[in-house]
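Q: Once you've had a glance at the structure underneath, I'll fire off some questions.
2 protein chains.
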Amino acid sequence: MKAAILGYGTVGGGVADVLYENKEQIAVRAGEAIEVKYILDIREFPGDRFESLITHDFEQIANDEEVKIVCETMGGLKPAYDFTKRLLESGKSVCTSNKELVAAHGPELIRIAKEHNCNFLFEASVGGGIPIIRPLLSCLTADRIDEIAGILNGTTNYMLTKMDKEGCDYADVLKEAQEKGYAERNPEADVEGYDACRKIAILASLNYKKTVNYEQIYTEGITAISTADFAYAAKCGKNIKLIGMCKEIGEKKYAMVAPFLIGDDNPLYGVNDVFNGIAVHGNMVDKVMFYGRGAGKLPTASAVVSDVVEAAKNIGKASEIVWDDEKITLDDKNELTFAYLVRVSGFEKDSDYKTVFEGAKYVGNNTAEDEFAFVTEAMTEGDFLAKFAALANAKKFVRVMM
Amino acid sequence: MKAAILGYGTVGGGVADVLYENKEQIAVRAGEAIEVKYILDIREFPGDRFESLITHDFEQIANDEEVKIVCETMGGLKPAYDFTKRLLESGKSVCTSNKELVAAHGPELIRIAKEHNCNFLFEASVGGGIPIIRPLLSCLTADRIDEIAGILNGTTNYMLTKMDKEGCDYADVLKEAQEKGYAERNPEADVEGYDACRKIAILASLNYKKTVNYEQIYTEGITAISTADFAYAAKCGKNIKLIGMCKEIGEKKYAMVAPFLIGDDNPLYGVNDVFNGIAVHGNMVDKVMFYGRGAGKLPTASAVVSDVVEAAKNIGKASEIVWDDEKITLDDKNELTFAYLVRVSGFEKDSDYKTVFEGAKYVGNNTAEDEFAFVTEAMTEGDFLAKFAALANAKKFVRVMM
């Protein structure tokens, strides 16, 4: 069976490597050998071991009847969207690592694949190498999944882990992440939570079988998190993680992205550095968690190639993924219940915090910043925000995962 | 579609509950409604909501053409083995939570199922509710899996967590686990590691596609682990977990079950109480870990029912599970490399431990037990055992996971 790769960057290069290095195992699992016939890229790669496969002409791939499976590893929407659509329309399965493409056009591309008896698969678009989409759809089939909460962005998790364990400043740790190549020069997509937002939108859509528009998801990044927040969190026996979550309560559906204090009773607590972890709660299985490398050349390529195997086993037969175009209206996140770490200027004795927040627990003070902190009882976000606004000298808050 | 349940104990009762409570979701995923027609048990259940489904006659199930899927939740080999064989021979798929049955007769039952175009599925036999068998076989298909290491027994993990966090004695914590119903009156299967051994035998067999005989796996339980071991482990920043592992190095294959010191850089470190965690290392994806409830009524039933859904989607079509009768000869575990925590009588200054174990690191002493402890450098188990035997006053050792 012949395959092609669109984009010979990090992930595309990894896909070529995985298909080549593990070809025997992959042939056994796919039922036949899978060989890369073309790699599309605008650049030349003189001396590269796959140099002879490089083409600059998309039409060569689109028009080659031998090519049954194409790996889209270009990223971005243009021209990935047009290319993917064209390939699916010609009956070729597409396996992608491109979360932007999936979050923006998932339902349409799944529909086109079904119409042409081929597959649009995207295991690598969430959680890098971690099997999460297939387990969610094919393994946890006995459960009603009422919550998914995950550390979905490796860059910010690396930064938060550094801040937690080494007490580094946000600015320093961002600089280091950029030097190491974990963060982009423009780090917005990671640190503002946009990347995590697209990923939780994909998981939520697959779970609800309808479209959760990522633009509707309340998204807060980590740019406001400081070492002082970590110091208070540590006093509570917790650390801080950027969490993308979706939650169903009765008929109501919620999704949000924000930094949360997390305790060591939560399996996400120990997910450090560039690793990702995705906790899924089912009404029967309780909590399960999937952990692994959420990014990186070979782990991400491993997930793309697992989709290639799946596509190869199902030539002529579209997958059962249900993801309808119909938009879900998310319910107001102010109805959700959390506890809150609150920082207040001045001394606790001069503050009326216990009057405003009954049952709040004092955490500690920080004379350098002339402030103290407390943790509230569990309450709805709406109630909390009203009280927070009413509290004199309130500086900031971070949510605490229940 | 009609199903039956063999054995109305904890798991069987859970299967009936899951199929009933989540029937809408399950019907969507399976493609049609699944209804329990019979529950086989020798007992009566007056007043039970499924009382009318109880039968004492296995033949009624075996001879009912309407019944396409049977859940075997009796446990043990007799009569589960004969019943399962008989059902598969009549073309009914069997979904089981019975690790003994799978470890002892897996390849034969898979073969019989294939001969009769039905399925023998056993997701619940390892890791309770955690999806592990299907992810291993259907998701991590791009990788050569070279290591699986898991906390596979919830009872011993509960006990070890108590000893670690609360400093409880082994005897006390065993008594408590028995009172809570986590441990049997005869706790041998759990505390001697036999249960973990069967489970790693199943995972190793599926990974190697041949039979790893559980009787060949070196198995050490937790009965010799004491609070003093935990105290030394804590000084190294580690805790102690009972690990079932299989490992492939080149052409050589190893498997063993033993307690290990584990550091917080290992994702299994945070797997506490009755939870299980299974870390899988692939040559491309690196390490992924699956976490969840390794036992319990509803989580285990969730896994059985996910197999029922799989069986329902594949009526008349046998699964692709490859598990050959051919026995694998495991290689000598003394070739494996670990570090070791060693406890020695007397004072470190009177001991020649640094001569025998070059590069060993002193951990601490325990005057109450008139002893001290050190950790060795990494070395093969064979080398270690020879040196340990040569060290004067050596008392005991615990392996350290690398």
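Those protein sequence lines, which keep their order, are chains Y and R.
Take the position in the first sequence, starting the count at 1, then add 1; the result is the number in this note's numbering.
Take the position in the second sequence, starting the count at 1, then add 1; the result is the number in this note's numbering.
C-beta: ideal position from N, C-alpha, C; glycine also.
Taking 8 Å as the CB-CB limit, is Phe291/Y close to chain R?
A: So yes, Phe291/Y belongs to the interface.
Q: Specify, as a first and last residue, the run of the alpha helix (DSSP H) that Asn18/Y falls within.
A: For the sequence presented, residue 18/Y should be read as Asp rather than Asn. Taken as a continuous stretch (DSSP letters only), the alpha helix (DSSP H) holding Asp18/Y covers Thr11 to Glu22.
Q: Between Ala369/R, Phe348/R, Leu342/R and Ile241/R, which has its C-alpha nearest Lys362/R's C-alpha?
A: It is Leu342/R.
Q: If we count Cβ pairs, one from each stretch, closer than 8 Å, do we get three or more for the segment 351-371 of chain R versus the segment 244-255 of chain R?
A: Contact fails: fewer than three Cβ-Cβ distances are below 8 Å.
Q: Can you give me the start and stop residues for the beta strand (DSSP E) that Gly1/R sits inside?
A: Residue coverage of chain R in this structure runs from 2 to 403, which leaves residue 1/R outside it and unanswerable.
Q: If you compare alpha carbons, which of Asn394/Y, Asp42/Y and Cys198/Y is closest to Met75/Y?
A: The candidate whose alpha carbon is nearest that of Met75/Y is Asp42/Y.
Q: I'd like the list of long-range same chain contacts for Asp230/R, defined as Cβ closer than 7 Å, with 5 residues on each side in sequence excluded.
A: Here the set comprises Ile241 and Val399.
Q: What does the alpha-carbon distance come out to for the pair Gly68/Y and Arg44/R?
A: A small correction: the amino acid at residue 68/Y is Val; Gly does not occupy that position in the sequence shown. About 60 Å.
Q: On a Cα-Cα basis, can you pick out the residue from Phe276/R, Gly317/R, Lys236/R and Val289/R that is closest to Phe375/R?
A: Of the listed residues, the one whose Cα sits closest to Phe375/R is Lys236/R.
Q: Using a C-beta cutoff of 8 Å, does Leu141/R count as contacting chain Y?
A: Answer yes: the Cβ-Cβ gap between Leu141/R and chain Y drops below 8 Å somewhere.
Q: At what residue ranges does the segment 283-357 of chain Y contain a whole run of the alpha helix (DSSP H), taking only runs of 4 or more?
A: Within the segment 283-357 of chain Y, the complete alpha helix (DSSP H) runs of at least 4 residues are 298-314 and 354-357.
Q: Whole angstroms is fine: what's the gap from Ile149/Y's alpha carbon to Glu252/Y's?
A: Ile149/Y and Glu252/Y: Cα-Cα distance of roughly 16 Å.
Q: From Met290/Y to Gly283/Y, what does the alpha carbon distance come to, in whole angstroms?
A: Approximately 11 Å, taken between the alpha carbons.
Q: Are Ala81/Y and Leu110/Y closer than 8 Å when you measure CB to CB?
A: No.
Q: Closer than 7 Å, Cβ to Cβ, to anything on chain Y: give me those residues from the segment 290-322 of chain R, in chain order.
A: Per Cβ criterion, the list reads Met290, Phe291, Tyr292, Gly293, Arg294, Leu299, Pro300, Ala302, Ser303, Val306, Ser307 and Val310.
Q: Please tell me whether Val192/Y and Gly155/Y are closer than 8 Å, where the distance is taken between their beta carbons.
A: Contact: no.
Q: In the segment 17-37 of chain R, which residues sit with their C-beta less than 7 Å from some C-beta in chain Y, listed in chain order?
A: Against chain Y - using a Cβ distance shorter than 7 Å - the residues of the segment 17-37 of chain R are Val19, Asn23, Gln26, Ile27 and Arg30.
Q: What distance in whole Å lies between the Cβ atoms of Val305/Y and Ala125/Y, which are believed to be in contact at a cut-off of 8 Å?
A: Right, the Cβ-Cβ distance comes to about 5 Å (below 8 Å), so this counts as a contact.
Q: On the DSSP letters alone, give me the boundaries of the alpha helix (DSSP H) that Pro47/Y sits inside.
A: Neither: Pro47/Y is in no alpha helix (DSSP H) and is coded neither H nor E.
Q: Cβ closer than 7 Å: which chain Y residues qualify as neighbours of Lys288/R?
A: Going along chain Y in sequence order, the residues near Lys288/R (Cβ under 7 Å) are Gly293.
Q: Using a Cβ-Cβ cut-off of 6 Å (strictly less than) and excluding sequence neighbours within five positions of Glu249/Y, which residues of its own chain qualify?
A: So the qualifying residues of the chain are Asp147.
Q: Using 10 angstroms around the beta-carbon of Met164/Y, count the other beta-carbons present and answer buried if the total reaches 16, otherwise exposed.
A: That one is buried.
Q: For Ile134/Y versus Leu207/Y, is the C-beta distance shorter than 8 Å?
A: Their beta carbons are under 8 Å apart, which means Ile134/Y touches Leu207/Y by this criterion.
Q: Ile1/Y lies in the alpha helix (DSSP H); which residues open and close that run?
A: Residue 1/Y cannot be examined here, being either before or after the span of chain Y that is shown, 2 to 403.
Q: Just checking: is the beta-carbon of Ile131/Y within a distance shorter than 8 Å of some beta-carbon in chain A?
A: Chain labels in this structure do not include chain A; the protein chains are Y and R.
Q: Closest Cβ-Cβ distance between Pro268/Y and chain R: below 8 Å?
A: Pro268/Y counts as touching chain R.
Q: Given a cut-off of 8 Å, decide if Lys298/R and Val12/R are closer than it, judged by their beta-carbon atoms.
A: Contact: yes.
Q: Can you tell me which of the three DSSP states Pro260/R falls into?
A: Correct three-state label for Pro260/R: strand.
Q: Leaving aside the five residues before and after Leu78/R along the sequence, list all residues of the same chain whose C-beta is less than 7 Å from its C-beta, in chain order.
A: Around Leu78/R: Glu101, Leu102 and Ala105.
Q: Give the residues of chain Y in contact with Gly283/R, contact being defined as C-beta atoms less than 7 Å apart.
A: Per Cβ cutoff of 7 Å: Ser303.
Q: Excluding the 5 residues preceding and the 5 following Gly10/R in the sequence, name in chain order all residues of the same chain whose CB lies nearer than 7 Å to its CB.
A: The answer, listed in chain order, is Thr74.
Q: From which residue to which residue does the beta strand (DSSP E) around Ile146/Y run?
A: It spans Ile146 to Ile152 - the beta strand (DSSP E) in which Ile146/Y sits, taken as one unbroken run.
Q: With a CB to CB cut of under 7 Å and the five nearest residues on each side skipped, what residues in its chain are close to Thr228/Y?
A: Around Thr228/Y: Met164, Gly168 and Asp170.
Q: From what residue to what residue does the alpha helix (DSSP H) around Ser463/Y run?
A: Here chain Y comprises residues numbered 2 to 403, so residue 463/Y is not present and cannot be evaluated.
Q: Could you please give the first and the last residue of the uninterrupted alpha helix (DSSP H) stretch that includes Leu386/Y?
A: Taken as a continuous stretch (DSSP letters only), the alpha helix (DSSP H) holding Leu386/Y covers Glu382 to Ala391.
Q: DSSP has Val95/R in a bridge; who is on the other side?
A: Val95/R is bridged to Val71/R and Phe121/R.
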